[in-house]
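Protein chains: 2
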Amino acid sequence: MNAYIITIGDEILIGQVMNTNAAFIGEKLSYIGIPADYMMVVGDDEEKILTEFKRATELADVVIVTGGLGPTHDDVTRSAVCKFFDTNLIPDGEVRKNIERLMQRRNYPWTQAAENQALVPRKATPIHNHHGTAPGMWFEENGKHFCVMPGVPYEMKAMMEDFVIPRLSKLTHGMIIRHRVLKTTGIPESFLAQKLGDVDGLTKGARLAFLPSPKGVRLRITAQALTSEEADQKLDEVEKRIREKADKYIYAVGEIELEVTLSKLLNEKQLTLAIAESCTGGLIGDRLTNIPGSSTFLLADIVAYSNDAKIKYLNVPASLIKEHGAVSKEVAEAMALGVRKTAGADIGISVTGIAGPSGGTPEKPVGLVWIVYADASETVSLKFNFGDERIRVKERASQAAMELVRRKLLNINLAEQLSTD
Amino acid sequence: MNAYIITIGDEILIGQVMNTNAAFIGEKLSYIGIPADYMMVVGDDEEKILTEFKRATELADVVIVTGGLGPTHDDVTRSAVCKFFDTNLIPDGEVRKNIERLMQRRNYPWTQAAENQALVPRKATPIHNHHGTAPGMWFEENGKHFCVMPGVPYEMKAMMEDFVIPRLSKLTHGMIIRHRVLKTTGIPESFLAQKLGDVDGLTKGARLAFLPSPKGVRLRITAQALTSEEADQKLDEVEKRIREKADKYIYAVGEIELEVTLSKLLNEKQLTLAIAESCTGGLIGDRLTNIPGSSTFLLADIVAYSNDAKIKYLNVPASLIKEHGAVSKEVAEAMALGVRKTAGADIGISVTGIAGPSGGTPEKPVGLVWIVYADASETVSLKFNFGDERIRVKERASQAAMELVRRKLLNINLAEQLSTD
Numbered sequence: 483m484n485a486y487i488i489t490i491g492d493e494i495l496i497g498q499v500m501n502t503n504a505a506f507i508g509e510k511l512s513y514i515g516i517p518a519d520y521m522m523v524v525g526d527d528e529e530k531i532l533t534e535f536k537r538a539t540e541l542a543d544v545v546i547v548t549g550g551l552g553p554t555h556d557d558v559t560r561s562a563v564c565k566f567f568d569t570n571l572i573p574d575g576e577v578r579k580n581i582e583r584l585m586q587r588r589n590y591p592w593t594q595a596a597e598n599q600a601l602v603p604r605k606a607t608p609i610h611n612h613h614g615t616a617p618g619m620w621f622e623e624n625g626k627h628f629c630v631m632p633g634v635p636y637e638m639k640a641m642m643e644d645f646v647i648p649r650l651s652k653l654t655h656g657m658i659i660r661h662r663v664l665k666t667t668g669i670p671e672s673f674l675a676q677k678l679g680d681v682d683g684l685t686k687g688a689r690l691a692f693l694p695s696p697k698g699v700r701l702r703i704t705a706q707a708l709t710s711e712e713a714d715q716k717l718d719e720v721e722k723r724i725r726e727k728a729d730k731y732i733y734a735v736g737e738i739e740l741e742v743t744l745s746k747l748l749n750e751k752q753l754t755l756a757i758a759e760s761c762t763g764g765l766i767g768d769r770l771t772n773i774p775g776s777s778t779f780l781l782a783d784i785v786a787y788s789n790d791a792k793i794k795y796l797n798v799p800a801s802l803i804k805e806h807g808a809v810s811k812e813v814a815e816a817m818a819l820g821v822r823k824t825a826g827a828d829i830g831i832s833v834t835g836i837a838g839p840s841g842g843t844p845e846k847p848v849g850l851v852w853i854v855y856a857d858a859s860e861t862v863s864l865k866f867n868f869g870d871e872r873i874r875v876k877e878r879a880s881q882a883a884m885e886l887v888r889r890k891l892l893n894i895n896l897a898e899q900l901s902t903d
Numbered sequence: 483m484n485a486y487i488i489t490i491g492d493e494i495l496i497g498q499v500m501n502t503n504a505a506f507i508g509e510k511l512s513y514i515g516i517p518a519d520y521m522m523v524v525g526d527d528e529e530k531i532l533t534e535f536k537r538a539t540e541l542a543d544v545v546i547v548t549g550g551l552g553p554t555h556d557d558v559t560r561s562a563v564c565k566f567f568d569t570n571l572i573p574d575g576e577v578r579k580n581i582e583r584l585m586q587r588r589n590y591p592w593t594q595a596a597e598n599q600a601l602v603p604r605k606a607t608p609i610h611n612h613h614g615t616a617p618g619m620w621f622e623e624n625g626k627h628f629c630v631m632p633g634v635p636y637e638m639k640a641m642m643e644d645f646v647i648p649r650l651s652k653l654t655h656g657m658i659i660r661h662r663v664l665k666t667t668g669i670p671e672s673f674l675a676q677k678l679g680d681v682d683g684l685t686k687g688a689r690l691a692f693l694p695s696p697k698g699v700r701l702r703i704t705a706q707a708l709t710s711e712e713a714d715q716k717l718d719e720v721e722k723r724i725r726e727k728a729d730k731y732i733y734a735v736g737e738i739e740l741e742v743t744l745s746k747l748l749n750e751k752q753l754t755l756a757i758a759e760s761c762t763g764g765l766i767g768d769r770l771t772n773i774p775g776s777s778t779f780l781l782a783d784i785v786a787y788s789n790d791a792k793i794k795y796l797n798v799p800a801s802l803i804k805e806h807g808a809v810s811k812e813v814a815e816a817m818a819l820g821v822r823k824t825a826g827a828d829i830g831i832s833v834t835g836i837a838g839p840s841g842g843t844p845e846k847p848v849g850l851v852w853i854v855y856a857d858a859s860e861t862v863s864l865k866f867n868f869g870d871e872r873i874r875v876k877e878r879a880s881q882a883a884m885e886l887v888r889r890k891l892l893n894i895n896l897a898e899q900l901s902t903d
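Protein chains in written order, with the working numbering: chain A, 483 to 903; chain B, 483 to 903.
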């Protein structure tokens, strides 16, 4: 079995929007052993779309289409689909209810556009859209599976997870490909490679890829086998050998963010956290509050961007800022202790640094960041340089601050400097 | 004239690498008036590559191929090209010199692989590679222009700028295509379409696309003309007609975020801002501090996630929370007034809501968010429902809060409810 992915949208052809949808779909299909042999982008042009539909069903067993399902004039996918399958549009009660629910919740009046969105091709099984008004469509004809989804990434992703992948999984027999990602942070790629040593000895027939990013290095293991149990067993063995050499750097298995791991740890240990941010500007709080249930442990995050705010909300002595500067070990420690005390939390962390592009000096260059961890019994202060790109400095600093807490909670030795690239 | 872009590489088909090359090439071609009508990705498979070459030359005047030119076993593009053009490989002195230069600079010994890379198809004009060993190739046959480049982005980009674009520009006899994006927020796509009315009357020969996202709807205008001045003038005219109908929703021209617009406005008016966040968890602060110079106006961002933090840092009366709940107009107003006063800022804004997935009730469902703006003379409170997806709720709430401040600063009528999809 193979697949042909079609992305519809002029904005991709002119390079304005990256084709992240095709990448996501290709990845998900590869996991269930249906390789995408083709990825095509065409514009919002009915004739070209129809030509592509025809070619796709000739070359592949599974066709996945995204984009062009909105309510405006430039969205032509649905009418092209009707022509291609020689079918007409009929109202669908469930789809209409979903649209009504969304419109009501947002206090929008019912419009002709909404009425139109509730129509579905007669030959299609509608795919429920939890996050938007345009339903997906699933066709089966001549042994081919043909799926159409909206181009809005989170709407499409939910449909893939909930409907498309479960349906397609049932169709594949034979060779199974499985991937597993181990996420590390606090160690640069070259150091991690050195620690792991001989790759063939680690993988023994599986494959290993190093995928570096500002948040850390992802290790992707790929194994192939006749059954998923066998493939998983291979992955288990490789993971075990990797952990023997680099366990402490691994904060998650799978595409899980550090904030998820940290939230779980804090909730398990029933500890509360308070944060004092300066150069990260709220990013740590934002990342932690992306996780449902973070209200159980996160009491407050004080973004004390000005010196006055550091004094007022965190009780940092003005004299300390005057003497050492806002970006200093002394002020960072006072911030962590201050936020821990004022918020009444078990753990206080602070981040203060120079994100740039301006504000650097020879002694305190752009990229310099102090991160402090404080609990009832100890205070740990670490100094970093995260480079000269503002957004990367924020990203790396937020990652290092959370990793510091994770390592403290797990009693992991901090002798080695934390780093995130 | 039109183009067909082919990207070769298994890593793209499995979603491991984003197809940034096609986006770059599509954008560059659009600027010189050669629209990319197709973007295709195929794997490192000679047969599939040959099929694609054939189709591309049938459907387009210009074919641009990247990827699969490296020295390893899985790079099959060059041999496919030779078969397609029925030609053989011959050594090229200039190409060899370039490879020697690179190898010497990196202190690498001369290898068989290097010798092999110095071969070029007899029918091709080699394209010099300043940054790597694999040369590009340029073919002209039967009136078609066929270009093959390495997949390494910076190697490809240099070849595009130095060789491909200058060559192709001569062929288009001046037809220029220009795009302009107007970013709107606070109005759903269908309402915006209604306000703009008849699209043909607006565009008069140009094209208009609606691109919705959780942060708002982007309007992309595309105009074609003989000179860039003429195209820009067309864009100006369409923009003017759009602004006559929907000016107040437009916060930026081009791919600029709302936080950039707002930062500029606050700095121009020399006003300071303090934020009290609850459900957005630091996202507003994070977004604003992504902008260099935000320290000039942003005094503090208090993420008061717990009730105690609202009382302690923002002076919200405990009785108010007890009586109305943390997500209420009353508490939202107390938060905005509280942060404005404690931080000593000109403007205070607050956000409190239920991001979900739990915590909702029939009276206060998940997605309910109160946003308040307070300055010395007035307090404005708005109630929203941003749906049931946690990250989207945060994203939409952060956008609406910033948009509320923008509209207040510009004295834009707030009678219509703000919305962000």
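Note that the Cβ used here is the ideal one computed from N, Cα and C, for glycine as well.
Beta-carbon neighbours of GLU871(B), restricted to chain A and to distances below 9 Å: The residue given as residue 871(B) occupies position 389 in the second sequence. Residues of chain A passing the Cβ test: HIS612, HIS613, TYR636 and ALA640.
Distance cut-off 7 Å: ASP519(A) Cβ against heavy atoms of the ligand COA: The model on display carries no ligand, and the ligand COA is accordingly not part of it.
Residue nearest to GLY841(B) in terms of C-alpha spacing, selected from TYR520(B), ALA808(B) and LYS823(B): What you label residue 841(B) is simply residue 359 of the second sequence in a count that begins at 1. The option with the nearest alpha carbon to GLY841(B) is ALA808(B).
Check whether ILE658(A) and LEU690(A) have beta carbons under 8 Å apart: Your numbering for residue 658(A) matches position 176 in the first sequence. Your numbering for residue 690(A) matches position 208 in the first sequence. For ILE658(A) and LEU690(A), no; Cβs fall outside 8 Å.
Per-residue DSSP class, three states only, for ILE793(A): Mapped onto the first sequence, residue 793(A) falls at position 311. The answer is helix: DSSP assigns ILE793(A) an H, G or I state.
Short Cβ contact (8 Å threshold) for LEU495(B) with ALA518(A): For this step, residue 495(B) is matched to residue 13 along the second sequence. For this step, residue 518(A) is matched to residue 36 along the first sequence. It is a contact, given that the beta carbons lie within the stated cut-off.
Chain A within 8 Å of SER465(B), Cβ atoms only: There is simply no residue 465(B) to check, as chain B begins at 483 and stops at 903 in what is shown.
Cβ of LYS794(B) within 8 Å of any chain A Cβ: Counting from 1 along the second sequence, the entry for residue 794(B) is found at position 312. Answer yes: the Cβ-Cβ gap between LYS794(B) and chain A drops below 8 Å somewhere.
7 Å Cβ shell around MET483(A) - same chain, five flanking residues per side excluded: In the first sequence, counting from the first residue as 1, residue 483(A) sits at position 1. These residues qualify, in order along the chain: ILE516, ASP543, VAL544, LEU653 and THR654.
Neighbourhood of THR754(A) by C-beta distance below 6 Å, restricted to the same chain and skipping five residues each side: Taking the first sequence and counting its residues from 1, one reaches residue 754(A) at position 272. By the criterion of a C-beta distance shorter than 6 Å, THR754(A) is surrounded in its chain by PHE779, LEU781, ALA827 and ASP828, once the five residues flanking it on both sides are discounted.
Span of the alpha helix (DSSP H), counted from its first residue to its last, around VAL547(B): The residue you call residue 547(B) lines up with position 65 of the second sequence. For VAL547(B), there is no enclosing alpha helix (DSSP H); the residue is found in the beta strand (DSSP E) stretching over 544 to 548.
Boundaries of the alpha helix (DSSP H) in which ASP718(B) is found, first to last residue: Working through the second sequence from its first residue, we reach residue 718(B) at position 236. From DSSP, the alpha helix (DSSP H) with ASP718(B) extends over 710 to 728.
Chain B contact for PHE566(A) (CB, 8 Å cutoff): Counting from one through the first sequence, the residue named residue 566(A) turns up at place 84. It does not; no Cβ of chain B falls within 8 Å.
Stretch-stretch touch, CB-based, cutoff 8 Å, three pairs: the segment 487 to 494 of chain B with the segment 875 to 895 of chain A: Taking 8 Å as the limit for Cβ pairs, the verdict is that the segment 875 to 895 of chain A does not touch the segment 487 to 494 of chain B.
Cut-off 6 Å between Cβ atoms - residues of its own chain near GLN706(B), not counting five sequence neighbours on either side: Mapped onto the second sequence, residue 706(B) falls at position 224. If we look at GLN706(B) and ignore the five residues flanking it on each side, its Cβ neighbours are ILE659.
Segments assigned alpha helix (DSSP H), at least 4 residues, entirely inside the segment 725 to 772 of chain A: Taking 4 residues as the minimum length, the alpha helix (DSSP H) runs contained wholly in the segment 725 to 772 of chain A are 740 to 750 and 765 to 771, in order along the chain.
Spatial distance of ASP903(A) from PHE567(A) (CA atoms): Residue mapping note: residue 903(A) aligns to position 421 of the first sequence, counting from 1. Residue mapping note: residue 567(A) aligns to position 85 of the first sequence, counting from 1. Only weak support exists for where ASP903(A) lies, its pLDDT of 46 falling under 50; the value from the coordinates is given anyway. Rounded to whole angstroms, the gap between the alpha carbons of ASP903(A) and PHE567(A) is 50 Å.
Straight-line gap, GLY820(A) to ASN789(A) (C-alpha atoms, nearest Å): Mapped onto the first sequence, residue 820(A) falls at position 338. Mapped onto the first sequence, residue 789(A) falls at position 307. C-alpha separation (whole angstroms): 14 Å.
Per DSSP, the bridge partner or partners of ARG702(B): As a position in the second sequence, residue 702(B) is number 220, starting the count at 1. Per DSSP, VAL663(B) and ALA691(B).
C-alpha distance - LYS686(B) paired with ASP526(A), whole-angstrom precision: On the second sequence, position 204 is the one that residue 686(B) refers to. On the first sequence, position 44 is the one that residue 526(A) refers to. When rounded, the distance between both Cα atoms is 19 Å.
Candidates ALA640(B), SER672(B), LYS665(B) and LEU541(B): closest to TYR590(A) by CA position: Here the question's residue 590(A) lines up with position 108 in the first sequence. Measuring from the Cα of TYR590(A), the nearest candidate turns out to be SER672(B).
Residue range of the unbroken alpha helix (DSSP H) whose run includes ASN580(A): In the first sequence, residue 580(A) corresponds to position 98, counting from 1. Taken as a continuous stretch (DSSP letters only), the alpha helix (DSSP H) holding ASN580(A) covers 575 to 587.
Under 8 Å between C-beta atoms of VAL851(B) and CYS761(B): Taking the second sequence and counting its residues from 1, one reaches residue 851(B) at position 369. Taking the second sequence and counting its residues from 1, one reaches residue 761(B) at position 279. In contact: VAL851(B) and CYS761(B) (Cβ atoms closer than 8 Å).
Coil, strand or helix - PRO632(B) by DSSP: The sequence position of residue 632(B) within the second sequence is 150, counting from 1. Coil at PRO632(B), not helix or strand.
Within-8 Å CB hit, ALA763(B) to chain A: As a working note, residue 763(B) is residue 281 in the second sequence. It should be pointed out that residue 763(B) corresponds to Gly in this sequence rather than to Ala. Closer than 8 Å to some Cβ of chain A, the Cβ of GLY763(B) qualifies, so yes.
Exposure label - SER745(B); buried when at least 16 CB within 10 Å: Start at 1 with the first residue of the second sequence, and residue 745(B) comes out as number 263. If you draw a 10 Å sphere on the C-beta of SER745(B), you find 16 or more other C-beta atoms in it, and that means buried.
C-beta atoms of LEU891(A) and LEU747(A) nearer than 8 Å: As a working mapping, residue 891(A) is identified with position 409 in the first sequence. As a working mapping, residue 747(A) is identified with position 265 in the first sequence. Taking the C-beta atoms as reference points, LEU747(A) is found nearer than 8 Å to LEU891(A).
Whole-Å CB distance - GLY830(A) paired with VAL785(B), under 8 Å assumed: Here the question's residue 830(A) lines up with position 348 in the first sequence. Here the question's residue 785(B) lines up with position 303 in the second sequence. Going by Cβ atoms, the distance from GLY830(A) to VAL785(B) rounds to 14 Å, so no, they are not a contact pair.
Within chain A, the residues that ASN501(B) reaches when beta carbons sit closer than 8 Å: Taking the first residue of the second sequence as position 1, residue 501(B) is located at position 19. Here the neighbours are MET500, ASN501, ALA504, ALA505 and MET521.
Continuous beta strand (DSSP E) stretch holding ASP783(A): start and end: Counting from one through the first sequence, the residue named residue 783(A) turns up at place 301. Unbroken beta strand (DSSP E) run through ASP783(A): 780 to 785.
Spatial neighbours of ASN503(A) in its chain, beta-carbon cut-off 7 Å, leaving aside the 5 residues before and after: Locating residue 503(A) in the first sequence gives position 21, where the first residue counts as 1. Taken in chain order, the residues that qualify are THR489, THR548, GLY633, PRO635 and MET638.
Of the residues ALA814(B), GLY614(B) and LYS565(B), the one placed nearest LYS579(B), counting alpha carbons only: Residue numbering aside, residue 579(B) sits at position 97 when the second sequence is read from its first letter. Of all alpha-carbon atoms in ALA814(B), GLY614(B) and LYS565(B), the one lying nearest the alpha-carbon of LYS579(B) is that of GLY614(B).
Beta-carbon spacing of LEU770(B), GLU741(B) below 8 Å: The count along the second sequence starts at 1 and reaches residue 770(B) at position 288. The count along the second sequence starts at 1 and reaches residue 741(B) at position 259. Contact flag set, yes.
Run of the alpha helix (DSSP H) containing ALA518(B), from where it starts to where it stops: Against the second sequence, residue 518(B) aligns to sequence position 36. Per DSSP, ALA518(B) belongs to no alpha helix (DSSP H); it is in the beta strand (DSSP E), 518 to 524.
N-terminal and C-terminal residue of the beta strand (DSSP E) that TYR855(A) is part of: As a working mapping, residue 855(A) is identified with position 373 in the first sequence. For TYR855(A), the enclosing beta strand (DSSP E) begins and ends at 850 to 856.
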